[in-house]
Amino acid sequence: MRLRDGARVWVCGASSGIGAALVHELAARGCRVAASARRADRLAELAGSARGEVVPLTVDVTDRAAMMAAEGEIRGRFGAIDLAVLNAAYWGQFSVDRWDTDVIRRHFETNVIGMAHGVEAVLADMRRRRGGAIAGMASLAGYRGLPRSEAYGATKAAEINMLESLRIDLRPSGIAVHTICPGFVRTDLTARNTFRMPFMLERSMTRPPSLVPYPGALWPPSRMESTSACVRAKVTAACTSPTPVHRAMSAGRRSMLPFHTRRTRSYAA
Ligand SMILES: NC(=O)c1ccc[n+]([C@@H]2O[C@H](COP(=O)([O-])OP(=O)(O)OC[C@H]3O[C@@H](n4cnc5c(N)ncnc54)[C@H](OP(=O)(O)O)[C@@H]3O)[C@@H](O)[C@H]2O)c1
Numbered sequence: 232m233r234l235r236d237g238a239r240v241w242v243c244g245a246s247s248g249i250g251a252a253l254v255h256e257l258a259a260r261g262c263r264v265a266a267s268a269r270r271a272d273r274l275a276e277l278a279g280s281a282r283g284e285v286v287p288l289t290v291d292v293t294d295r296a297a298m299m300a301a302e303g304e305i306r307g308r309f310g311a312i313d314l315a316v317l318n319a320a321y322w323g324q325f326s327v328d329r330w331d332t333d334v335i336r337r338h339f340e341t342n343v344i345g346m347a348h349g350v351e352a353v354l355a356d357m358r359r360r361r362g363g364a365i366a367g368m369a370s371l372a373g374y375r376g377l378p379r380s381e382a383y384g385a386t387k388a389a390e391i392n393m394l395e396s397l398r399i400d401l402r403p404s405g406i407a408v409h410t411i412c413p414g415f416v417r418t419d420l421t422a423r424n425t426f427r428m429p430f431m432l433e434r435s436m437t438r439p440p441s442l443v444p445y446p447g448a449l450w451p452p453s454r455m456e457s458t459s460a461c462v463r464a465k466v467t468a469a470c471t472s473p474t475p476v477h478r479a480m481s482a483g484r485r486s487m488l489p490f491h492t493r494r495t496r497s498y499a500a
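Residues in the sequence shown are numbered consecutively from 232, following this note's numbering.
Shown next, in the form of structure tokens:
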């Protein structure tokens, strides 16, 4: 999909990291952007520093009624929503030594139920208009189990699955569904991590000479496209051959991922 000037976009989970960077980029490209999250101060700062129209909205994705109300407010202002980027998520390292189902519940409530609330909020009007797009921010962590990721990884696997089904079911209604699966990106979310994060993507990253933009990129040529091209290259590499990602994750800690290394070998063979 190509975003035209004046496209109306709702970014959920916009107060920091990938969401905030996306808001800056979209606003600079002439999109009308609604930026939602819980931290009102961060959103106000974002709206003040963006080079374009950004409407800040304080909304918790776990609050269904608030999500429906937010959609109504954005539609009231913009007329319609062309693209909803469902990006909000919680990540906390899981400990098998202190198994706590509440930690898993918290991840599911924010990541999966939060995404479901976002879909529910935009669906009725998009169906009525027979158009629009939903982009769900999942993760490479959804494809394979990673250490300390019992809670987060399970939610990302659920998101990928939900978005894939949705993509098929909404195609006849003219609604596009995109599943985005980044690898590691340096944000507040990863700042807390104490383990190795191979192939970390930096915000200032420039396009490696070997990477060309892929056809149908979500964003036109720019810094953002170089990011999505990198992400896509990594996703493709990880999907077709998970070996490099998992080998890199376990480098120097060979005992940590015996299952992956074993399965990966037979998978690749
Ligand atoms: N960074 C990575 O390496 C990486 C890799 C793969 C996928 N991802 C995915 O990329 C997305 C963005 O992550 P990030 O790295 O940019 O992390 P981040 O900087 O921590 O951003 C997370 C965003 O989600 C919002 N959020 C969290 N809980 C919320 C709630 N209950 N209601 C509304 N908003 C909520 C946060 O805002 P408030 O706290 O203000 O509500 C924040 O704006 C996530 O879906 C994440 O899973 C990240």
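Glycine included, every Cβ here is placed at the ideal spot set by N, Cα and C. The model shown is predicted, which means the values in this text are computed figures rather than measured ones.
Classification of residue i by the beta-carbon crowding that lies within 10 angstroms, buried from 16 upward
i      : result
Gly303 : exposed
Ser396 : exposed
Asn424 : exposed
Arg239 : buried
Ser370 : buried
Ile249 : buried
Ala389 : buried
Phe325 : buried
Arg329 : exposed
Thr332 : exposed
Met431 : exposed
Ser246 : buried
Tyr383 : buried
Arg308 : exposed
Ala355 : exposed
Val476 : Bear in mind that the predicted position of Val476 carries a pLDDT of just 48, short of 50, making it unreliable; the figure below should be weighed with that in mind. Val476 is buried by the Cβ-count criterion.
Extent of the continuous alpha helix (DSSP H) to which residue i belongs
i      : result
Thr244 : The sequence shown places Gly at residue 244, not Thr. That residue, Gly244, is in no alpha helix (DSSP H); it is neither H nor E in DSSP.
Ile305 : Arg295 to Phe309
Met346 : Gly345 to Arg360
Val334 : Thr332 to His338
Ser370 : No alpha helix (DSSP H) contains Ser370, which DSSP labels as neither H nor E.
Val254 : Gly248 to Ala259
Asn392 : Glu381 to Leu401
Leu420 : Asp419 to Ala422
Beta-carbon proximity of residue i to residue j, cut-off 9 Å
i      : j      : result
Leu234 : Leu314 : yes
Leu274 : Val264 : no
Val353 : Ile312 : yes
Ala259 : Arg282 : yes
Val316 : Val242 : yes
Gly244 : Ala320 : yes
His338 : Asp294 : no
Val285 : Val254 : yes
Extent of the continuous beta strand (DSSP E) to which residue i belongs
i      : result
Ser267 : Arg263 to Ala268
Ile411 : Ala407 to Ile411
Val286 : Val285 to Thr289
Leu277 : Note, Leu277: premise wrong, no beta strand (DSSP E); alpha helix (DSSP H) at Ala271 to Ser280.
Leu317 : Leu314 to Leu317
Rounded distance between the beta-carbons of residue j and residue i, thought under 8 Å
i      : j      : result
Asn342 : Thr410 : The Cβ separation is near 14 Å, so there is no contact.
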